[in-house]
Amino acid sequence: MVTHMKTTIEISDALLAEVRRVAEREGTTLRALVERALRESLRARRRGPSFRLRVVTFRGDGLHPQAGEGAWERLRDVIYEGRGA
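Those letters in the sequence shown? Residues 186 to 270, by our numbering.
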């Protein structure tokens with residue numbers, strides 16, 4: 186049973202240099218760092234896309250003129266005006 190396979194990938198010189206510096210700083214190997222990054226990337230893909238809140242708009246003329254100024258109490262009074270509150 187084969188547990189490891191050699192392969193060749195092409196990455197930019199700058200990225201390779203940075204990865205080597207990180208590996209040295211963390212006391213690990215280039216191989217271990219690349220494998221960990223690939224595993225994390227695959228795990229993130231399996232989780233699926235991150236939540237995206239869709240844009241929702243409402244028809245109308247915008248903010249009520251009386252709600253543009255004042256404190257919360259004034260805004261609450263405008264909202265509930267004529268509704269028994």
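Where a beta carbon is used, it is the ideal one built from N, C-alpha and C, also for glycine.
Bear in mind the structure is a predicted one, so any value in this text is a computation, not a measurement.
Between the Cα of residue i and those of the options, spot the shortest distance and give me the residue it belongs to.
{"i": "Pro-250", "options": "Leu-260, Arg-244, Phe-243", "result": "Leu-260"}
{"i": "Ser-192", "options": "Glu-258, Arg-221, Arg-216, Tyr-265", "result": "Note that residue 192 is Thr in the sequence shown, not Ser. Considering only alpha carbons, the answer is Arg-216."}
{"i": "Ile-196", "options": "Pro-234, Arg-268, Val-219", "result": "Val-219"}
Note down the Cα distance separating residue i from residue j, rounded to an integer number of angstroms.
{"i": "Gly-247", "j": "Arg-239", "result": "20 Å"}
{"i": "Arg-268", "j": "Arg-237", "result": "36 Å"}
Assuming contact is defined by CB atoms lying nearer than 9 Å, are residue i and residue j in contact in what I supplied?
{"i": "Thr-214", "j": "Ala-222", "result": "no"}
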